[in-house]
Amino acid sequence: MLEFLIDFFGSYGYIAVFTCLLLCGLGLPVPEDISLVSGGVISGLELANPHIMCVVGLAGVLIGDSTMFLAGRIFGYRIQKIKTFRKIVTPQRFSQIQNKFKQYGLGLLFVARFLPGLRSPIYLVAGMSHRIGYLTFIVMDGIAALISVPVWIYLGYFFADNLDVLMEYVHDVQKAIFLALGVLFAIICIVVIKKKFHARLNKIAAEENSNSEETK
Numbered sequence: 024m025l026e027f028l029i030d031f032f033g034s035y036g037y038i039a040v041f042t043c044l045l046l047c048g049l050g051l052p053v054p055e056d057i058s059l060v061s062g063g064v065i066s067g068l069e070l071a072n073p074h075i076m077c078v079v080g081l082a083g084v085l086i087g088d089s090t091m092f093l094a095g096r097i098f099g100y101r102i103q104k105i106k107t108f109r110k111i112v113t114p115q116r117f118s119q120i121q122n123k124f125k126q127y128g129l130g131l132l133f134v135a136r137f138l139p140g141l142r143s144p145i146y147l148v149a150g151m152s153h154r155i156g157y158l159t160f161i162v163m164d165g166i167a168a169l170i171s172v173p174v175w176i177y178l179g180y181f182f183a184d185n186l187d188v189l190m191e192y193v194h195d196v197q198k199a200i201f202l203a204l205g206v207l208f209a210i211i212c213i214v215v216i217k218k219k220f221h222a223r224l225n226k227i228a229a230e231e232n233s234n235s236e237e238t239k
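Put into structure tokens, the structure is as follows:
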């Protein structure tokens with residue numbers, strides 16, 4: 024996949040990278056991180072400018088993500104009647120993502136950028152739910168993209184002359200991302216449980232005070 028994308032991007036340049044990333048955002052089964060790394064590699068081979076490639080990469084992923092979000096916003100639940108989108112968001116997956124939004128709110132939008140395979144359905148459901156405005160969506164997605172896009176592109180840029188070493192680093196970075204997400208998830212769970220615990224204690228204390236006042 025990496026070598027094919029390098030050859031393809033090397034032949035057609037920025038427009039090929041942009042188009043590929045746009046289609047990735049629409050559910051094309053091509054790893055977005057490998058696409059970005061490939062864009063970095065052709066920059067390292069002096070077939071493109073790495074800084075311009077970062078701008079192109081950001082534009083591609085944000086427009087692709089926005090398309091999914093706005094499709095959900097405009098068509099709402101009717102979009103599940105369209106076969107292509109029904110495959111992306113099954114009724115079961117829709118229900119699961121809705122529940123996750125209730126638990127984690129905007130944090131889910133940020134984390135989604137680092138979750139291949141779940142990114143598109145999460146953005147689609149975010150639009151369908153009408154709980155999140157487009158400006159909020161693009162800010163959260165943009166912050167995450169400002170982290171992920173440069174990392175992958177410059178990784179490809181600096182190791183363009185050794186693809187074997189590059190892939191090792193790609194796998195290491197992927198593991199580091201999942202580890203960081205795991206730690207973040209654990210922290211969020213602890214905070215949520217702590218809040219529920221304190222809320223429960225406050226409720227019990229309020230009931231006890233109410234009962235004591237009634238007995239006086």
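Residues in the sequence shown are numbered consecutively from 24, following the working numbering. Even glycine gets a Cβ: it sits at the ideal position worked out from N, Cα and C.
> For the candidate residues Phe160, Pro144, Ile111, whose alpha-carbon lies nearest to that of Gly128?
Replying inline: Check the Cα spacing between Gly128 and each of Phe160, Pro144, Ile111: the tightest is with Phe160.
>> I'd like to know whether the C-beta atoms of Ile145 and Ile120 end up nearer to each other than 8 Å.
In response: Yes, the Cβ-Cβ distance between Ile145 and Ile120 is below 8 Å.
>> Restricting to Cα atoms, I'd like to know which of Gly48, Phe32, Tyr37, Lys217 is closest to Leu147.
In response: Check the Cα spacing between Leu147 and each of Gly48, Phe32, Tyr37, Lys217: the tightest is with Gly48.
> So, is Leu81 buried or exposed, given that buried needs 16 or more other C-beta atoms within 10 angstroms?
Replying inline: Buried, by the Cβ-count rule.
> What's the call for Tyr195, buried or exposed, on a 16-neighbour Cβ count within 10 Å?
Replying inline: Note that residue 195 is Asp in the sequence shown here, rather than Tyr. Burial state of Asp195 is exposed, judged by a 10 Å Cβ sphere holding fewer than 16 other Cβ atoms.
> Within 10 angstroms of its Cβ, does Ser58 collect 16 or more other Cβ (buried), or is it exposed?
Replying inline: Counting of Cβ neighbours within 10 angstroms places Ser58 among the buried residues, the total reaching 16 or more.
> Under the three-state reduction of DSSP, which class applies to Asn122: helix, strand or coil?
Replying inline: Asn122 falls in the helix class under three-state DSSP.
> In terms of residues, what are the limits of the alpha helix (DSSP H) holding Gly80?
Replying inline: Per DSSP, Gly80 belongs to the alpha helix (DSSP H) from 73-98.
>> Tell me the residue span of the alpha helix (DSSP H) that contains Met151.
In response: Note, Met151: alpha helix (DSSP H), 142-152.
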